[in-house]
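If you're matching positions, the sequence shown starts at 162 in the numbering used here and goes up one per residue.
We put the beta carbon where it would ideally sit given N, CA and C, even for glycine.
None of these values were measured; they are calculated from a predicted model.
Have a look at the structure below, then the notes.
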Amino acid sequence: MNINEIISEADMLVPNEVPIGDKVIWLNALNQDFFNVVKIPKIAKFDCVTGQGDYVLPADVRQKNIDLMMIGMFPYKSLDRDDVTPAQNAYSFDDVTKTLSLFPAPYSNLKGFLRYRRIATTLFTSTALTVPPDAPEEYHWTFIPALASMLASSQDDMTKASNYENQYKAAWNVAAQNYQAGAS
């Protein structure tokens, strides 16, 4: 399902005169918000080099979304979020340069594993309406009631807005629970 189809379906639920550009802005916000609610894990793997402490990771990694860092079988703790004692392996991550720094640097050529949470990376525009949301395909339908909620709210129909909001948020909460159960 692409954003044009989502907009068409939401327009049927809530007839409106809202410009396409505003709907696209709202869909961009919803695309980001989905991943704030539904934490979908991803893995980044990298080859460590003996004595090398810095590694550039994929562009979609964010420091706040990293939840596990290992080199071989050795866990590393975040210098930003965890209490780290001098004898523990630690890491820091720079969101601007996408650089992971390991302390101490690996002592052998092991494999690095970083588990993090997915984020939305697509920026929708009103000139490219055939792009799908970044959410998994089985959740694309939830963007219809989400946009319908915003459209109803813009028309001060708070009852309809609340009903649609409850519908998509309930689906997102179930998705969040499903991914949480899968990560445990």
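In or out: residue i buried (at least 16 other Cβ within 10 Å) or exposed?
| i | result |
| --- | --- |
| K351 | Residue 351 lies beyond the stretch modelled for the chain, which goes from 162 to 345, so this question has no answer here. |
| F195 | buried |
| G212 | exposed |
| Y268 | exposed |
| K184 | buried |
| S310 | buried |
| R242 | exposed |
| A336 | buried |
| V217 | exposed |
| V222 | buried |
| I204 | exposed |
| A281 | buried |
| A296 | buried |
| A331 | exposed |
| A248 | exposed |
Here's a check: name, in chain order, each residue in its chain whose Cβ is nearer than 8 Å to the Cβ of residue i, leaving out the five neighbours to either side.
| i | result |
| --- | --- |
| I167 | L188, P294, H301, F304, I305, L308 |
| P265 | G214, N250 |
| F285 | I164, V185, L188, N189, N192, V292 |
Starting from the C-beta of residue i, find all residues in its chain whose C-beta is less than 7 Å away, skip the five residues before and the five after it, and write them out in chain order.
| i | result |
| --- | --- |
| S345 | Note on S345: pLDDT 47, under 50, position unreliable in the model; the coordinate value appears next. There are no such residues. |
| A313 | V175, K321, A322, Y325 |
| Q328 | P306 |
| E170 | I305 |
When DSSP builds the beta bridges, which residues end up paired with residue i?
| i | result |
| --- | --- |
| P202 | R278 |
| Y237 | Partner(s): none; Y237 has no beta bridge. |
| V222 | Its beta-bridge partners do not exist; DSSP assigns none. |
| T260 | V217, D255 |
| T291 | Looking at the DSSP assignment, T291 forms no beta bridge with any residue, so it has no partner. |
| K272 | D208 |
| M231 | P236, F274 |
Compare the C-alpha of residue i against each of the options and name the closest.
| i | options | result |
| --- | --- | --- |
| G182 | Q341, Q193, K225, N165 | N165 |
| T121 | P180, D172, L263 | Lying outside 162 to 345, the shown extent of the chain, residue 121 is not represented and no answer is given. |
| N339 | F264, K200, Y268, F254 | K200 |
| T283 | S253, Q193, N197, Q341 | Q193 |
| F235 | N250, C209, D172, S323 | N250 |
| D317 | M173, S169, N177, A220 | N177 |
| L261 | Y277, P247, V198 | Y277 |
| T258 | E299, P219, S315, A171 | P219 |
| I227 | R279, A248, P247 | R279 |
If you drop the 5 nearest sequence neighbours on each side, which residues of the same chain put their C-beta closer than 6 Å to that of residue i?
| i | result |
| --- | --- |
| M230 | Y237, Y252, L275 |
| L240 | A251, S253 |
| L271 | C209, I232, G233 |
| N198 | Reading the sequence as shown, one finds Val at residue 198 and not Asn. The residues are W333, A337. |
| Q224 | F254, D256 |
| V245 | K238, A251 |
| L290 | I164, N165 |
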